[in-house]
Amino acid sequence: MKEIIKQLASHDLLQEIIEGVPIRVFWKDRECRYLGCNTLFARDAGVAHPDALIGKSDFDMPWHEQAEAYRADDVAVMQSGESRLAFEEPQTTPDGSTIWLRTSKVPLFDDTRHVIGMVGVYEDISREKEQQAVLASSERELSNIFNSLQEAYYRTDIEGRIVKVSPSAGTLMACPAGELQGKMIAGYYVREDGRDLFLNALREGGGTVNHYEAEISRVDGEIIWVSTNAHYVRDECGDVTGIEGTIRDITAQKALEEQLRLTQFVSDHAPDMILWIDEQANIGYANAAACKALGYVQAELVAMTIPDVDPDFTAAAWPGHWQELQQKVHLCFETKKRRKDGSLFPVEVSANFVSFGNAEYNVAFIRDISRRKADEARLQESEARLRLALEAASQAWFDLDISSGSIIVSPEYARLIGYEPEAFHTSLQNWLDNIHPDDRDAVFTVFQRCLCTSGPETMEYRRRRKDGGWAWISSIGKVVERDGDGTPLRMIGIQTDISEQKQNLSLLEAERKRFVTLFNSSSDGMFIIDMHGNFIDINRTAYRRLGYSKQEMLAMKLNALDSPEFAARVPERLALIKTHGEATFDSAHYRKDGSVMPVEISASSIELDGEQVIFSVVRDVSERRQFEERLRQSQKMEAVGTLVGGIAHDFNNMLAAMQGNLYLARMQMQEHPVVVDRLTNIEQLGNRATEMVQQLLTFARKDSVSMRIFSLNAFMHEGYRLAGAAIPASIDHQTSVCSDELCIKGDVTQLQQVLMNLLNNAADAVAGVSEPIIRCSLMLFRADSAFRQRHPEVTGDGFACISVRDNGCGIPREQLDKIFEPFFTTKEVGKGTGLGLAMLYGAVQTHGGAVEVESEPGRGSVFKIYLPLSLEAPEPQQKQVSPGPAGRGETILLVDDDEDLRHTTREVLDTMGYHVLTACDGEEALALLRARRDQIDLIISDVIMPRLGGVQLLKLIRQSDATLPVILITGYDKNHVLGGEMQTSCCRVLNKPFDFDLLSRTVQALIKPG
């Protein structure tokens, strides 16, 4: 075989081989442009001669629809350097039809293993018995390449400098020959070590080298392959003075050698068997596929004859076959081949007569058709079984002659559309005419696809029945017979009436839509999960409420939603549902943003598509939990109120008695100013104690606040002075107030208590710190989006911010949420009541503000109070009014169940110049009033007393006397003592412990109105 290949290089046989093979051969350059092909390929492209394709691409061919795919294959082969063999792909022919090819593509390398192009072969597998394309190459093209070579003479000195060249060297190097002289020849080598490699070869050859090949770069930048014969130039003494030789361009020869190697490669690796056979039936060449199929090694096969491997071609029959092949040049037939093990297998042979010189050959391309024969047998058997099965199942079947349009149908086919079988006749056109207009285009598309493919196609459509109605038909068809060109001839198929199935599907779809509507419209979340906790479906409420998309949740497991304490109980709850069929329980789900949503889940086990699943209704109970928390808080506050209300009355009585004694002592010690100052201080402390009781009552919602517009700037200076007096001198404490005038509407007493609580807590927090620091400040704050998100209940843009910062012990993170709860304290027993911050929180809420706390154990805390600013001007301070003149002996009836308070108040009124009668409760007071009505000018009565309180006493008095002045004294909110229906023109209400100067003025105003 190698000898044959060598002869191809100088003979026209190469072109004859390419033209004789029954397969298509083509080759392309790196840009996927055609460099050549055989005539079969050219005819497939719709041209008469291969030369018409040179320089063109697949986009210029009849198969331009597949050009993009072809180009992608070409590029992949050339980029990877790996062959792609025996793959199938479609191709459009010049007449517009589509054929299928089995294609192989191989990269084309130069001697440096660079890919310079690719070569491909394909065979038309839709026409199994057509002549296969033959690989060929143009010997004339090779001769032209070799005949165009010109050798160039050169001489260099010992350093490699060119000293002389022939004119042909200029042609070789693409420049005038004179320009080469004086240049270093090493600079033209492509490889940096190219000159050194050449000198080594020259030394190893004893000063002479023949056919040495190298790559050089021409002056115009083109890289070419050259072959050189060279030897040393010596002087008279025999010393080497230079090198001289000839160079010829072998670039084209290199390409030709690559093509020859490719031809050998294609033959050796072709998927079909290839045998070269002489006139005596001797096998001269067998490729790898032939050796593998027949079970021999190549050395064995080339020592055999055709009769050894083909029982149909005996020694006697071979001469007749050879003679026929000589006459017809090409033969295609089926026969059998015998393997080495004696087994036979069917083959298809494409025999080609090739002659050159004195040699003649039968170049045979042989394909194993065992699979095709088996497929044909199975197809025939399958058709027979299909007919029997359809008849047994009462399925309708049809057999279509595609060329004539005639159809043979089963009796069931006629009955399916309401006809009697004996009277029913149809055709392809009749079938198309009776398809529903809305389905006709789709049916025609599927029908055309079925004609072009080898597999079955399925379609559903409506066909008119005999009664004019429409029957839904499911039809499956397949082309089972084609001619040699692949044109479809026959189609068979079955048809089924699916009208009832379509109606049921329509009902099911309506049912599904109703379910989906209800499922997604529910205000509760709904889950459908399998028994392993995987989501099957989720309604819109569920995934939107949790902040996920539906796709995200379907990819999750149920326990991914639960907080850790509930996630651990998921298996237990799933088991409970499996056992009892249903369960209701509380849980908590993580939203996508990390927040937690408390939920109540009602789950039931149901059957869905034949499997047990769990249907869960998930209710968001966040609002209910908040309501329950508010209820618990309310109950706590009610408990505080009950406690406060129980002690406020007695505490106020004691304070009132204390204030009265201080008043009397101050009056008696007017000549001792130092003592008066001390008594005044004690009285101020009593007033602060009174304010504390009022704050407790307000906190317990048993008293109201007195809101007015005032400046916080002045309040902070005065309030810090008062509150700061209680801070130990060892603590570094300072306050800073901004220059902006910050006015709010608030209760001065409440805010004084807020400031005092914060400073007292800060002082306690820094008690154990070596360098204690407290900083108090007032500044302007403008609300931003982050603040509004933290406090959505707060309105307004501008706020006054009171900040108290310390470097004390700090508050543990887990306790921060509890510090505003009543009775919660972090202080030691006896150092805190747990009401300070609760009162602070309530007071800030009353003012429409907000509280923020930042704390870190060991580093201190900062409390920030935000109070909304008021645009109104501050109200003017009320001036203290000095007490009026003393009484003139008027009689006052004093009614109180507290003996100490009754005694002290009597003494004070005595000093004011009044005559005082006393009673311990309302009943005793009524008795005195009835006995001495004409002597009594005014009644002062406590509100809460045993047997008969002050309000009931007032009502009884007003039944008989509408003008008698009455002053009611209460430890609670004075504004809520009297109902709106009572006459209050001759009645006043004062808080106790009271200011005795205010008492004096009130008595005088009622006794002497106007």
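In my numbering, the protein residues as written are 17 to 1026.
Ideal Cβ placement from N, Cα and C applies to all residues, glycine included.
Under the DSSP assignment, Gln750 falls outside any alpha helix (DSSP H), being part of the beta strand (DSSP E) whose first and last residues are Asp748 to Val753.
In this structure, the CA atom of Ser422 is about 10 Å from the CA atom of Trp447. At a Cβ-Cβ threshold of 7 Å, Arg40 and Tyr138 count as neighbours. A Cβ-Cβ separation of about 7 Å places Pro873 in contact with Cys825 under the 8 Å criterion. Cβ atoms of Ser142 and Val122 stay farther apart than 8 Å, at about 23 Å.
If you look at His548, you'll find it isn't in any alpha helix (DSSP H); DSSP assigns it neither H nor E.
In the three-state scheme derived from DSSP, where H, G and I count as helix and E and B as strand, Leu883 is classed as strand. Sequence-distant Cβ neighbours of Leu101 in its own chain, meaning closer than 6 Å and more than five residues away, are Ser120. Comparing alpha-carbon positions, the option among Gly258, Ala947 and Val911 lying closest to Ile960 turns out to be Val911. Within the same chain, Val782, Val785, Glu787, Pro788, Ile789, Arg875 and Gly876 come within 8 Å of Asn823 by CB-CB distance, once the 5 residues on both sides are set aside.
DSSP, read as helix, strand or coil, puts His80 in helix. Contact between Ala190 and Val235 holds, since their C-beta atoms are separated by about 5 Å, short of 8 Å.
In this structure the stretch 386-401 does not touch the stretch 59-73; the number of beta carbon pairs closer than 8 Å is below three.
With respect to the 7 Å criterion, Glu598 and Ser620 are classified as neighbours on the basis of their beta carbons. In the structure shown, Cys468 adopts helical secondary structure according to DSSP, grouped into three states. Between Glu231 and Asp284, the alpha-carbon positions lie close to 30 Å from each other.
According to the DSSP assignment, Ser426 belongs to no alpha helix (DSSP H), since it is labelled neither H nor E. Cα atoms of Gln861 and Ile908: separation of roughly 43 Å, rounded to the nearest angstrom. Cβ-Cβ distances below 7 Å link Gln342 to Phe369 in the same chain, with the five nearest sequence neighbours on each side left out; the list follows chain order. DSSP places Gly509 inside the beta strand (DSSP E), whose first and last residues are Pro504 to Asp513. For Leu624, the beta-bridge partners assigned by DSSP are Glu627. Partner residues in the beta bridge of Arg791, as assigned by DSSP, are Gln750 and Arg821. For the options Arg383, Ala380, Ile952 and Gly987, the alpha carbon positioned closest to that of Thr979 is the one of Ile952.
Exposure of Cys253 is indicated by the presence of fewer than 16 other C-beta atoms within 10 angstroms of its C-beta. The beta carbons of Ala941 and Leu972 sit no closer together than 7 Å. Under the three-pair Cβ rule at 8 Å, the stretch 353-368 counts as touching the stretch 298-310.
If the five residues before and after Ala58 are omitted, its C-beta is found closer than 8 Å to the C-beta atoms of Ala64, His65, Pro66, Ala68 and Leu69, all from its own chain and listed in chain order. Taking the C-beta atoms as reference points, Ala380 is found nearer than 7 Å to Leu291. Bridge pairing for Met732: absent [DSSP].
Beyond the five residues adjoining it in sequence on each side, Ala799 comes within less than 6 Å, by CB distance, of Asp813 in the same chain, given in chain order.
Phe103 counts as exposed, since fewer than 16 other beta carbons sit within 10 angstroms of its beta carbon. Counting along the chain, Gly210 sits inside the alpha helix (DSSP H) bounded by residues Gly210 to Glu220.
For the pair Lys608 and Tyr559, the CB atoms are not nearer than the 7 Å cut-off. Apart from the 5 residues on each side of it in sequence, Val820 sits with its Cβ closer than 6 Å to the Cβ of Leu774, Ala778, Cys792 and Phe879 in its chain, given in chain order. As computed with DSSP, Thr119 is found in a beta bridge with Phe103 and Tyr138. Going by beta carbons, Ala297 and Thr262 fall outside the 7 Å limit.
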